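Engineer: Numbering of the sequence shown is given in this note's numbering, commencing with residue 8 and proceeding in unit increments.
Cβ coordinates follow ideal geometry from the N, Cα and C atoms, glycine included.
Note that the structure is predicted; figures quoted are calculated from it, not measured.
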Amino acid sequence: MKHAIYPGSFDPVTYGHIDIIKRAATMFDDLTVCVLDNKAKTPLFSVDERVKMLRKVSENITNVRVDSYYGLLMDYARKIDCHIAVRGLRAVTDFEYELQIAHANRTISGGWLDTIFITSSMEYAYLSSSAVKEIASFGGDIKLCVPPIVEEEVIKKMKIRHPEFYKE
Ligand code: PNS
Numbered sequence: 008m009k010h011a012i013y014p015g016s017f018d019p020v021t022y023g024h025i026d027i028i029k030r031a032a033t034m035f036d037d038l039t040v041c042v043l044d045n046k047a048k049t050p051l052f053s054v055d056e057r058v059k060m061l062r063k064v065s066e067n068i069t070n071v072r073v074d075s076y077y078g079l080l081m082d083y084a085r086k087i088d089c090h091i092a093v094r095g096l097r098a099v100t101d102f103e104y105e106l107q108i109a110h111a112n113r114t115i116s117g118g119w120l121d122t123i124f125i126t127s128s129m130e131y132a133y134l135s136s137s138a139v140k141e142i143a144s145f146g147g148d149i150k151l152c153v154p155p156i157v158e159e160e161v162i163k164k165m166k167i168r169h170p171e172f173y174k175e
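#1: Tell me which residues pass a beta-carbon proximity test against the ligand PNS: closer than 5 Å to any heavy atom, given in chain order.
#2: Report yes if the C-beta distance between residue 21 and residue 136 is below 8 Å; otherwise report no.
#3: Threshold first: 3 residues or longer. Then list the beta strand (DSSP E) segments lying entirely within the segment 85-163, N to C.
#4: With residue 47 as the anchor, note down where its beta strand (DSSP E) starts and where it stops.
#5: Can you tell me the Cα-Cα spacing of residue 13 and residue 94, whole angstroms?
#6: Where does the unbroken alpha helix (DSSP H) through residue 18 begin, and where does it stop?
#7: Are residue 157 and residue 64 close, meaning C-beta to C-beta below 8 Å?
#8: Apply the 10 Å Cβ neighbour rule to residue 19 and answer buried if 16 or more other Cβ atoms are within range, or exposed otherwise.
#9: What are the residues that DSSP puts in a beta bridge with residue 37?
#10: Among the candidates 118, 58, 25 and 85, whose CA atom is the shortest distance from the CA of residue 68?
#11: What's the C-alpha gap between residue 45 and residue 102?
#12: Excluding five sequence neighbours on each side, which residues of the same chain lie with their C-beta closer than 7 Å to the C-beta of residue 76?
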């Protein structure tokens, strides 16, 4: 039984993440998508909101479950007895950061937690949650970046934070 974790902030989940979820779900018997804290980022959505959106967008993929954890990825991986993490790679600029985290996880887990990388599909190579938030914060269209249920939630937040760009 091959099981992998796809960890991330998912603030919010984008079509780029969904592409990785779908492809990883065909490579493993089970895929656990886990919302974790990235200490370098201040999130727009609460963990519960992010989990709810992830559950909705992955509800038709039967071998995917969504969870959250406050702590180290390595500790979560041990808790659910899963030693493979999946991460998406968009461009060479992702590589240095991802390589560092992968090495850190392998080292602090005593070699137990390995990371494998899936290259993002070309059409999503530009896409990030940060770009989605920036575009939406100026009233821009994010339809090509996120599914409708996520777009709705992002717009709800932006109408409160940046009402000047969302006048009726
Ligand atoms: O989507 P992101 O923000 O690139 O995801 C980064 C994330 C959440 C996977 C990473 O920050 C993480 O694993 N955080 C939990 C703490 C941890 O285990 N850090 C790894 C050792 S440096």
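Structural biologist: Quick answer:
#1: Matched residues: 14, 15, 16, 43, 45, 79, 80 and 111.
#2: For the purposes of this step, residue 21 is taken as residue 14 along the sequence shown, with counting starting at 1. For the purposes of this step, residue 136 is taken as residue 129 along the sequence shown, with counting starting at 1. Result yes, Cβ atoms of residue 21 and residue 136 sit closer than 8 Å.
#3: 91-96 and 121-126
#4: Numbered from its first residue, the sequence shown carries residue 47 at position 40. No beta strand (DSSP E) holds residue 47; DSSP gives it neither H nor E.
#5: Looking up residue 13 in the sequence shown gives position 6. Looking up residue 94 in the sequence shown gives position 87. CA-CA distance, residue 13 to residue 94, rounds to 6 Å.
#6: The sequence position of residue 18 within the sequence shown is 11, counting from 1. From DSSP, residue 18 is part of no alpha helix (DSSP H); its letter is neither H nor E.
#7: Locating residue 157 in the sequence shown gives position 150, counting from the first residue. Locating residue 64 in the sequence shown gives position 57, counting from the first residue. Yes. Within cutoff.
#8: Numbered from 1 along the sequence shown, position 12 holds the residue referred to as residue 19. Classification of residue 19: buried, given that the 10 Å Cβ count is 16 or more.
#9: For this step, residue 37 is matched to residue 30 along the sequence shown. 10.
#10: One-based indexing of the sequence shown puts residue 68 at position 61. Checking every option, the nearest Cα to that of residue 68 belongs to 25.
#11: Along the sequence shown, read from residue 1 onward, the residue named residue 45 stands at position 38. Along the sequence shown, read from residue 1 onward, the residue named residue 102 stands at position 95. Between residue 45 and residue 102, the C-alpha separation is close to 17 Å.
#12: Translated into positions along the sequence shown, residue 76 becomes position 69. Within the same chain, residue 76 has close Cβ partners 41, 43 and 83.
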